[in-house]
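Working notes, beginning with the structure itself.
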Amino acid sequence: MTAKILDGNAIAKAARNEMAKIVTARSAQGLRPPGLAVILVGDDMASGIYVKHKRRDCEELGFHSNVQHLSSNVTQEDLEERVITLNNDPSIDGILVQLPLPAHIDSGRIIDCIDPAKDVDGFHPYNIGRLALRRPTIRSCTPKGIMLLLEHTGVELRGLDATIIGASNHVGRPMGLELLLAGCTVTTAHKFSRDIEGSVVTADLVVSAVGKPGLVPGSWIKPGAIVVDIGITRDDNGKLRGDVVFDEACERASWITPVPGGVGPMTRVAMLQNTLDAAPRLPDE
Ligand code: GUN
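Those letters in the sequence shown? Residues 8 to 292, per my numbering, in order.
Structural data, given as structure tokens:
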């Protein structure tokens, strides 16, 4: 079998075109553009690039953006106050605090300060809790983007055995909740798991979110399985690599995401969709 490619770039592009049309239609109805605020702390290069992309995405789609770049010396109190000010800013629908934050900042408490209705990352305990209770509100971006990708396979997810590798708060755990909600039997493997291979070889759907190139060899993939690779690591030659050995896995999987160009563009799109959905639909709201 040669796997079909889940082309995140193409699917994301179509979703962005749809969103741009909605923003134009909103404007014709007298609605203001959706507004996204991004707080970037310090000079981490990767974070700086991500934030630049977010600003560019907003420009392309006609969103209003407010990017605040703060010194790495910012205090917990200052940062919390900034978030609270944005909570009360009627031109802002979505607030995103770029992670990771410096070690002296308690990221959990910062996320707690974001108004759950403006938490377009979908990281707030309220939004994760709602997903856990099968009443989803704003959904975490990477799992949401993956669910959109999976829709494109046309495969019925209900009843599938799904294995997620990685149990982070922002990816692995909400991914498990999404797949459970979709009716999968979910296994989450993590750094204390004794037999990750054993959990993968029987899976109809594998989602790897570790950041360790080569972690999942093709021989682990059940013939016909769907493979989603969230890992993205730059190797010594500057090449971006996923967790899954792509060429090997292609021989066995039915569908597979490439790295890059699979999950990454979908995460960006999901955050923009969350911002658009958070914007009021009536002129005076
Ligand atoms: N850092 C890397 N990815 C993300 C993301 O999706 N959201 C936030 N807030 N920080 C990040």
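By construction, the Cβ of each residue, glycine as well, lies at the ideal position given by its N, Cα and C atoms.
Test item: CB-CB of residue i and residue j under 8 Å
{"i": "residue 30", "j": "residue 45", "result": "no"}
{"i": "residue 129", "j": "residue 147", "result": "yes"}
{"i": "residue 122", "j": "residue 134", "result": "no"}
{"i": "residue 196", "j": "residue 212", "result": "no"}
{"i": "residue 234", "j": "residue 216", "result": "no"}
{"i": "residue 86", "j": "residue 118", "result": "no"}
{"i": "residue 99", "j": "residue 73", "result": "yes"}
{"i": "residue 239", "j": "residue 271", "result": "yes"}
{"i": "residue 42", "j": "residue 71", "result": "yes"}
{"i": "residue 225", "j": "residue 252", "result": "yes"}
{"i": "residue 214", "j": "residue 171", "result": "yes"}
{"i": "residue 247", "j": "residue 266", "result": "yes"}
{"i": "residue 220", "j": "residue 250", "result": "yes"}
{"i": "residue 68", "j": "residue 23", "result": "yes"}
{"i": "residue 255", "j": "residue 8", "result": "no"}
{"i": "residue 38", "j": "residue 230", "result": "no"}
{"i": "residue 79", "j": "residue 49", "result": "yes"}
Reference residue i; option with closest CA among the options
{"i": "residue 262", "options": "246, 277, 162", "result": "162"}
{"i": "residue 203", "options": "42, 108, 169, 243", "result": "169"}
{"i": "residue 149", "options": "68, 72, 178", "result": "178"}
{"i": "residue 142", "options": "260, 185, 112", "result": "185"}
{"i": "residue 199", "options": "192, 67, 174, 219", "result": "174"}
{"i": "residue 273", "options": "153, 257, 106, 50", "result": "153"}
{"i": "residue 110", "options": "97, 82, 284", "result": "82"}
{"i": "residue 280", "options": "188, 36, 101", "result": "101"}
{"i": "residue 285", "options": "209, 219, 97", "result": "97"}
{"i": "residue 269", "options": "9, 24, 18, 10", "result": "18"}
{"i": "residue 222", "options": "209, 237, 230", "result": "237"}
{"i": "residue 66", "options": "159, 26, 76, 242", "result": "26"}
{"i": "residue 64", "options": "241, 13, 34, 20", "result": "20"}
{"i": "residue 14", "options": "290, 210, 264, 278", "result": "264"}
{"i": "residue 155", "options": "167, 136, 182, 254", "result": "182"}
{"i": "residue 84", "options": "106, 167, 120", "result": "120"}
{"i": "residue 191", "options": "282, 167, 40", "result": "167"}
Residues sharing a beta bridge with residue i, DSSP
{"i": "residue 177", "result": "DSSP, once it has assigned bridges, lists no residue as partnering residue 177."}
{"i": "residue 259", "result": "Per DSSP, none; premise fails for residue 259."}
{"i": "residue 101", "result": "43"}
{"i": "residue 248", "result": "240"}
{"i": "residue 168", "result": "192"}
{"i": "residue 119", "result": "DSSP lists no partner for residue 119."}
{"i": "residue 11", "result": "262"}
{"i": "residue 48", "result": "77"}
{"i": "residue 126", "result": "102"}
Margin query: Which runs of the alpha helix (DSSP H) at least 4 residues long sit entirely within the region 181-246? Give them in chain order.
Written below: Correct list: 203-208.
Note to self: Threshold first: 3 residues or longer. Then list the beta strand (DSSP E) segments lying entirely within the region 57-109, N to C.
What the structure shows: 71-77, 101-104
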